[in-house]
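So the sequence shown is numbered by the UniProt record's numbering: it starts at 1 and just counts up by one. We put the CB at the ideal spot given by N, CA and C, even for glycine. The structure displayed is predicted, hence computed values, not measured ones. Okay, structure first, notes after.
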Amino acid sequence: MTELNKILNRANKIVFLTGAGVSTASGIPDYRSKNGLYAQKKTPEYLLSHTCLIREPETFYQYVKHNLYYPNSKPNIIHKKMAAFAKAGKAIIITQNIDNLHGQSGVPVDRLVEFHGNLYKIYCQKCHQRVPYQTYLQSMHHQNCGGILRADVVLYEEGIKQENLQKSVLALQQADTIVVCGTSFVVYPFAGLIEYRNSNAKVVAVNKETISLPEKGIMIKGDAVQEFEQVTIKA
Ligand SMILES: [Zn+2]
């Protein structure tokens, strides 16, 4: 039995903290990665900022539409195994990812915090009506009112929703085991969530590169897909 499997099956209250590395096996590249798509003049930090959305809505829209959407991607084994723990009432997933893959894997809504929002939830900035993402991918203009549509995601310069912060902090305080997966864990405030953990909680990271962890944290360095393939869930 692998170390990760042992840890997960001894736990009763797990928090999974996940990032882009969880979705790469579903074909979604990390837009922050160096060999990513974007050797452009404007940085992703600008193109995904509130300023860009307001000043250059067309530029913002074209960037988002052509670089972030992978509507045909499917949850992989990592999403599925995490979902199984969530469905068994043993885990809450807090993700930085906006790709909807944890949601698609069947995690109960009350056990999923999409910390940075969800690309597939679209609303009109003028009348606040929700529209299907397919409509948004055809046009950024809301036909009903002429307002500009946007995804319900947290852009650079925008704050995290209070509700998501509160749910996350509560989950961290109650967790006996925290598993960080597929994230370099350097983006704040997400990375700061770990500070809210119970002092007795076990902290584990599954990542290709070593990341900085609290004292006694366990680093499982390797491919998360391979690690989660070997996880079995006790009935
Ligand atoms: Zn509207």
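- C124 is bridged by DSSP to L149.
- A224 counts as buried, since no fewer than 16 other beta carbons sit within 10 angstroms of its beta carbon.
- In its chain, beyond the 5 residues on either side, A86, I92 have a beta carbon closer than 6 angstroms to the beta carbon of R111.
- Non-local beta-carbon contacts of G117 in its own chain, meaning distances under 6 angstroms to residues more than five positions away in sequence, involve I98, D152, V153, V154 in chain order.
- The Cβ neighbour count for T183, taken over all protein chains shown within 10 Å, is at least 16; the residue is labelled buried.
- Just measuring C-alpha positions, the residue of L172, L193, L170, P71 sitting nearest L119 is P71.
- Rounded to whole angstroms, P214 and N67 show a C-alpha spacing of 34 angstroms.
- Taking all protein chains shown into account, K208 has fewer than 16 neighbouring C-beta atoms within 10 Å of its C-beta and is therefore exposed.
- Excluding sequence positions up to five before and after Q174, its CB lies within less than 8 angstroms of the CB of K13, N198, all in the same chain and listed in chain order.
- Distance from the Cα of S73 is smallest, within the candidate group A88, V169, A25, for A25.
- In the structure shown, the three-state DSSP call for L170 is helix.
- If you check the CB distance, S105 and K65 do not come in under 9 angstroms.
- The alpha-carbon separation between T51 and A191 amounts to approximately 24 angstroms.
- One alpha carbon belongs to P108, the other to F115, and they sit about 16 angstroms apart.
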